[in-house]
Structure formats: structure tokens, C-alpha cells
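In the working numbering, the protein residues as written are 6 to 80.
First up is the structure itself, then whatever we jot down about it.
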């Protein structure tokens, strides 16, 4: 949000109704001294992020992806 033409905003003018999480980041709503509001990401990873990193490898192993190139060459 951008305050323009001399407008001001009160400290509690805006609020997130629930935690905002996207991918590996948590976001907070912050008001700066210039009366503008910003979404900022925290440099902290949620507990499930390491799981996201390993899921692709697990899925490819379970579906036989790693063996597919050898099977194709054998045909």
C-alpha cells in the first residue's frame, strides 16, 4: 500500500487475517516511517522445507525414473 498526496495511515490500519506462507517463506505486513506498508519475508525456513527438497528424489525413485534411461537403451 502506498500513501500518496500527504495521506497518512494509522499503525493498525492494515492487518493480515492469518499467517501468510508461500513456499519456503513466511511473510509479515510492516509499516515504515514513510507511511507505506510492505510485505516482508522472514529469512527463516519452516519445518517442512527439507521434506520438499527430498520429495522429488523420492518420487523419481518410486516411479523408476532413475532406471528408465537404461531400459530405453536396452530396447
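C-beta atoms are modelled at their ideal positions from N, C-alpha and C, and glycine is treated no differently.
| query | residue 52: which of 15, 31, 18 sits nearest, CA to CA? | reply | The shortest C-alpha separation from residue 52 is found at 31.
_Straight-line Cα distance separating residue 10 from residue 27_ = Between residue 27 and residue 10, the C-alpha separation is close to 33 angstroms.
_Quick check: what's the CA-CA separation for residue 17 versus residue 34?_
Cα to Cα, the separation comes out at about 11 angstroms.
Any idea what DSSP makes of residue 44, helix, strand or coil?
Reduced to three states, the DSSP call for residue 44 is strand.
Taking 6 angstroms as the limit between beta carbons, can you name the residues of its chain near residue 57, skipping five residues before and five after? Cβ neighbours of residue 57 beyond the five flanking positions: none.
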